[in-house]
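Line by line, the protein sequences are chains V and E. This note's numbering puts the first residue of the first sequence at 57, with every later residue one more than the last. This note's numbering puts the first residue of the second sequence at 19, with every later residue one more than the last. Virtual Cβ for every residue (Gly too), placed ideally from N, Cα, C. For clarity, every value in this text was computed on a predicted model and none was experimentally measured.
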Amino acid sequence: MKSIFFHIGVLGALAVQPLHAAKFNDCYKVESIDLPSGVPPEVGAIDFAEDGTLFVVLRRGDVLKATPTSDPNAFDWKLFATGFDNGCGLDVISPSKIRVTQMAEMTEAEDTDGDASADKFMRFASGWGLSGNYHETNALTRDGKSGYFIAVGTASFSGPTFEHTLGTFSDAGRRGRNYSSVKWKGWVLHSDAKGNITPWASGFRMANGIYQDTKGELWAGDNQGDWKATTPLYHVEKGHFYGHPSSLVWDPDFKKSKDPLAYYHDHLDEYNKDRTYAAVEIPHMEMNRSAGEPMEFPKGNHFAGQLLLPDNNGERITRVMVEKVGDTWQGACTHFIDGRGLHSGNHRARFTADGKQLYIGQTVRGWGAPAEGLQRITFLGPVPFDIDRVSITKDGFKVSFTQPIPDKLKDDKAWEISSCTYQSKWTYGSDPENKKDHQVKVATSDAKSVTLKVDGLDEHRVFKINFPKCDSTDGSPLQNNLAFYTVNKVPK
Amino acid sequence: MRKTLLLLCLGLPLHAADPLITYENRPMGSVEKPMLLRSYLPDPDIDDAVFSQHDTGRKVSKYNPEKGADVKGEVVPIAGIAAGIGVNFGPALSYVFDTTECRLLYTWQGGFVDMTPYWGDKAKGSRVSFGYVPQLVGTLFWKTSGKDPIELNGKSLTDLGPRVYTGYRLVKGVPTYEFKAGQTPFTLTVTPSDKPLACTVTVTTPGDGTLTWKGIDGATGKGTMTLTLAGSDIGKFEGYKPVNNITKATSETGEKLFLQYGCSACHSVDGSKNHGPSVGLLFGHEVEIDGLDKPVLADRDYILESIKAPNAKVVKGYPPNYMPPFGLPDVEYDSLVLYIESLAKPE
Chain V
57 MKSIFFHIGV
67 LGALAVQPLH
77 AAKFNDCYKV
87 ESIDLPSGVP
97 PEVGAIDFAE
107 DGTLFVVLRR
117 GDVLKATPTS
127 DPNAFDWKLF
137 ATGFDNGCGL
147 DVISPSKIRV
157 TQMAEMTEAE
167 DTDGDASADK
177 FMRFASGWGL
187 SGNYHETNAL
197 TRDGKSGYFI
207 AVGTASFSGP
217 TFEHTLGTFS
227 DAGRRGRNYS
237 SVKWKGWVLH
247 SDAKGNITPW
257 ASGFRMANGI
267 YQDTKGELWA
277 GDNQGDWKAT
287 TPLYHVEKGH
297 FYGHPSSLVW
307 DPDFKKSKDP
317 LAYYHDHLDE
327 YNKDRTYAAV
337 EIPHMEMNRS
347 AGEPMEFPKG
357 NHFAGQLLLP
367 DNNGERITRV
377 MVEKVGDTWQ
387 GACTHFIDGR
397 GLHSGNHRAR
407 FTADGKQLYI
417 GQTVRGWGAP
427 AEGLQRITFL
437 GPVPFDIDRV
447 SITKDGFKVS
457 FTQPIPDKLK
467 DDKAWEISSC
477 TYQSKWTYGS
487 DPENKKDHQV
497 KVATSDAKSV
507 TLKVDGLDEH
517 RVFKINFPKC
527 DSTDGSPLQN
537 NLAFYTVNKV
547 PK
Chain E
19 MRKTLLLLCL
29 GLPLHAADPL
39 ITYENRPMGS
49 VEKPMLLRSY
59 LPDPDIDDAV
69 FSQHDTGRKV
79 SKYNPEKGAD
89 VKGEVVPIAG
99 IAAGIGVNFG
109 PALSYVFDTT
119 ECRLLYTWQG
129 GFVDMTPYWG
139 DKAKGSRVSF
149 GYVPQLVGTL
159 FWKTSGKDPI
169 ELNGKSLTDL
179 GPRVYTGYRL
189 VKGVPTYEFK
199 AGQTPFTLTV
209 TPSDKPLACT
219 VTVTTPGDGT
229 LTWKGIDGAT
239 GKGTMTLTLA
249 GSDIGKFEGY
259 KPVNNITKAT
269 SETGEKLFLQ
279 YGCSACHSVD
289 GSKNHGPSVG
299 LLFGHEVEID
309 GLDKPVLADR
319 DYILESIKAP
329 NAKVVKGYPP
339 NYMPPFGLPD
349 VEYDSLVLYI
359 ESLAKPE
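Written as structure tokens, this is what we have:
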């Protein structure tokens, strides 16, 4: 805080800039971290050891480690291990032992002779196939019981399979745009502490990141595409089907057809009954084009308990505010950081143990222009003026803010609310449908929040909540004036 | 490592001093520091019988996501090793060990692999569509066939029961693979030989069972066996060769370039949506552009401009800064435009 006072004093801006005003740069610092020169910064996964050592899995096979320094260009990188095939999931067990999900298996790599580099590489878990398609990458999260949840990606029709596949090949699973020609593609698997895997949930296209939060709830994103109308965030539960049909060829309990893709193409109503909807649908263009790894803002952070969701195809990170209505998860999304020096390719996220820094790993290798690297966001202390939370009421939404709001936001005219529906189907993404504008009134307000009464609040609609950019009462500029709320259920 | 980082700071080439993987698409190890690469790996026409623990990838009808249905044409599987480990000792030796069959698949000398088709181009990022398997560099001197030539008490490992890979340990950087055949554990280590077109293989198993390598006289031992696996020149490989020496622009060349540059990863050719707008049914049609009130006609100039400067006119609904500009010779641009023109009507 001292430095802010100092700057304001020096600039003589006191008259126009109240003392407590917090701009973006007062609250967050975005920095790019150099990897060793000449190394492709295609970051597949990141994780910290308990001693604070940062491990980075690079997609060509190397795993680097370093103790973070305040200077982002002074990390003392060392090679810990090499020889991983497109490692996209990482759990650091100790400074000398890591586990990596690579294409064909999950591997434990350990330094047993104390020379700071791994010499023992044992298969920890396996059992999913590998077709030879480039798209079948895997991510992991700890399950809290020394085991894991592993998200296994589908293949893309932009690439073939091999003549000889690892694991049983399914002709019906091979059909379609993104496909599941070998086992467990498009599934979330559970691995126990010994590496024994069991299928957990189906219907994913490409859950590029999975995360169990501190309350034990399991979250996975997905990528807008076939059977994913827009970018979703799913609350993952055992036995549920999340909408991409190809994975069902491996489900012995799916008995409707041997060709689930064709079946649901022809029975879309039944499809909608059988699938579990996204907790939060995240509009593709406005908010997030391709979800990376969900991660929880830690205790002490001004957004503690909320989730962030990196955008793998945009220079932005989404913030997600989930809540439970009855048994149904749903919630809102807004930008956490949009631009401000972030790269594109965001897909892995880890907070430092003190919660004061967020590291982001980036890569889109194989698609389009290279967008990759390692960045970190430092929380400098001051809280920005931003949407704090959007929650549903029985007839509208309560929008609360991090700072006291100006009267302007307490006026009906400030608020614009529209809504749409999304129908996931075989096409690559789906346009919003059944668009509606809604009349909105400010029912009540207090210093930091407004409660909106929205005409026509309805289920299975995504509501766009838009309001003018303004300053808080202490002059802090508003960071975001756009949120979307996915209504799966209206509270009674 | 400190010395290495110092060299890095001075901007000296990495490969001389440090084993880190770089943008070098022909990575190499050395006898002192072998390189281990897990990746999709080439299949130099290995005997199908070797893949007894794999399944067969089968061809499939082409699929149109816009229709959600199959269309004319088919997609055939390509050759490749899904879960192999490639190891290189510099020019002295390269080999592929397969973790699914738990056996040595093939060995070569004089180079390793060219990763260009998979790792792509530093500036452009893209892999080669439908042909992203790395390619061999060097002289192939041995490849396996039929049942596993390693025998325990006269019985091929293939016949001992399912082979299950466990992992590997590095000793001075050299991997020793561990696996079981049936209930019996084995290890396998492969190192360079001082003989030409040959390598040294060591196999161990607990106890004093008789190990032999079928077909090599004297290759035997009790509980452990070391042998020279000598071969002959069975093929020379030169890595990845892009489409080049184009003298005349044609639509057919354009199609090859479209795959080579990875365009098809983002642009469909049948009108269906993908990461980028389709180039099928595009030529001669109007396109809505971000920031422009009126649609633009997709004529030759528009298509050329969109390839050369992708951000000049961004199609509505698609992100900017996604496609890299491709610095190509004019004859390649012209070929790509001709190919896109040829896709103006439905197949």
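Drop a sphere of 10 angstroms on the beta-carbon of Asn522 of chain V, count the other beta-carbons inside from all chains shown, and report buried for 16 or more, exposed for fewer. exposed
Following the continuous alpha helix (DSSP H) through His321 of chain V, name the residue where it begins and the one where it ends. Pro316 to Asp322
8 angstroms is my cut-off, CB to CB: does His303 of chain E come that close to chain V? no
When burial is assigned at 16 or more other CB atoms within 10 Å of the CB, is Lys241 of chain V buried or exposed? buried
Got a sec, what are the start and stop residues for the alpha helix (DSSP H) Arg517 of chain V sits in? Per DSSP, Arg517 of chain V belongs to no alpha helix (DSSP H); it is in the beta strand (DSSP E), Arg517 to Asn522.
Rounding to the nearest angstrom, what Cα-Cα distance links Asp307 of chain V and Trp243 of chain V in this structure? 10 angstroms
Using 8 angstroms as the limit for Cβ to Cβ distance, is Phe540 of chain V near chain E? no
Opening and closing residue of the alpha helix (DSSP H) in which Thr271 of chain E lies: Ser269 to Gln278
Check for me: the beta strand (DSSP E) holding Ala385 of chain V runs from which residue to which? For clarity, residue 385 of chain V is Trp in the given sequence; the question names Ala instead. Trp385 of chain V -> beta strand (DSSP E) spans Thr384 to Asp394.
Once DSSP output is grouped into helix, strand and coil, what is the label at Cys281 of chain E? helix
Which of helix, strand or coil does DSSP assign to Ser360 of chain E? helix
Note down, in chain order, every chain V residue with its Cβ under 7 angstroms from the Cβ of Val49 of chain E. What Val49 of chain E touches in chain V: nothing, since even the nearest Cβ is about 17 angstroms away.
Would you call the segment 368-376 of chain V and the segment 389-398 of chain V touching, i.e. three or more CB-CB distances under 8 angstroms? yes
Three-state secondary structure assigned by DSSP to Trp137 of chain E: helix
Find the nearest neighbour of Thr210 of chain V within the set V:Tyr333, V:Gly437 and V:Gly299, judged by alpha-carbon distance. V:Gly299
Pick out the complete alpha helix (DSSP H) segments inside the segment 138-194 of chain E, 4 residues or longer, and give them in chain order. none
For Cys129 of chain E, is the classification buried or exposed, using 16 other Cβ atoms within 10 angstroms of its Cβ as the cut-off for buried? According to the sequence provided, residue 129 of chain E is Gly. The question's Cys does not apply to it. Result: buried.
Is there a C-beta anywhere in chain E that falls below 8 angstroms from the one on Ala195 of chain V? no
Rounded to the nearest angstrom, what separates Tyr541 of chain V and Leu196 of chain V at their Cα positions? 28 angstroms
Establish whether the CB of Arg331 of chain V and some CB of chain E are separated by less than 8 angstroms. no
Pairwise C-alpha distance: Ala427 of chain V and Ser353 of chain E: 28 angstroms
Taking Phe80 of chain V as part of the alpha helix (DSSP H), name the residues at either end of that continuous run. Phe80 to Cys83
Mind checking Glu270 of chain E: buried by the 16 CB within 10 Å criterion, or exposed? exposed
Determine the chain V residues that contact Thr118 of chain E at a beta-carbon separation under 7 angstroms, and present them in chain order. Leu222
What residues in the segment 369-387 of chain V bring their beta carbon closer than 9 angstroms to a beta carbon of chain E? Asn369, Gly370 and Glu371
Contacts that Ala425 of chain V makes with chain E (C-beta to C-beta distance below 8 angstroms): Lys142, Gly143, Asn339, Tyr340, Met341 and Pro342
Ala228 of chain V lies in the beta strand (DSSP E); which residues open and close that run? Counting along the chain, Ala228 of chain V falls outside any beta strand (DSSP E), though it belongs to the alpha helix (DSSP H) covering Asp227 to Arg230.
Three or more C-beta pairs closer than 8 angstroms, one from the segment 278-286 of chain V and one from the segment 218-226 of chain V: is that the case here? no
Taking any Cβ of chain E, which residues in the segment 116-141 of chain V have a Cβ under 9 angstroms from it, in chain order? Arg116, Gly117, Asp118, Leu120, Asp132, Trp133, Lys134, Leu135, Thr138, Gly139, Phe140 and Asp141
Comparing alpha-carbon positions, which option in E:Thr242, E:Leu315 and E:Phe276 lies nearest Leu206 of chain E? E:Thr242
Please report whether the beta-carbon of Val355 of chain E lies at a distance below 8 angstroms from any beta-carbon of chain V. no
Spell out whether any CB of chain E is found under 8 angstroms from the CB atom of Thr109 of chain V. no
Under 8 angstroms between C-beta atoms, does Ser112 of chain E make it to chain V? no
How many Å lie between Leu538 of chain V and Ala362 of chain E at the Cα? 40 angstroms
If we ignore side chains and look at the alpha-carbon of each, how far apart do Thr377 of chain E and Lys259 of chain E end up? As shown, chain E starts at 19 and ends at 365. That puts residue 377 of chain E outside it, with no answer to give.
Can you grab the Cα-Cα spacing for the pair Pro210 of chain E / Ile206 of chain V, in whole Å? 38 angstroms
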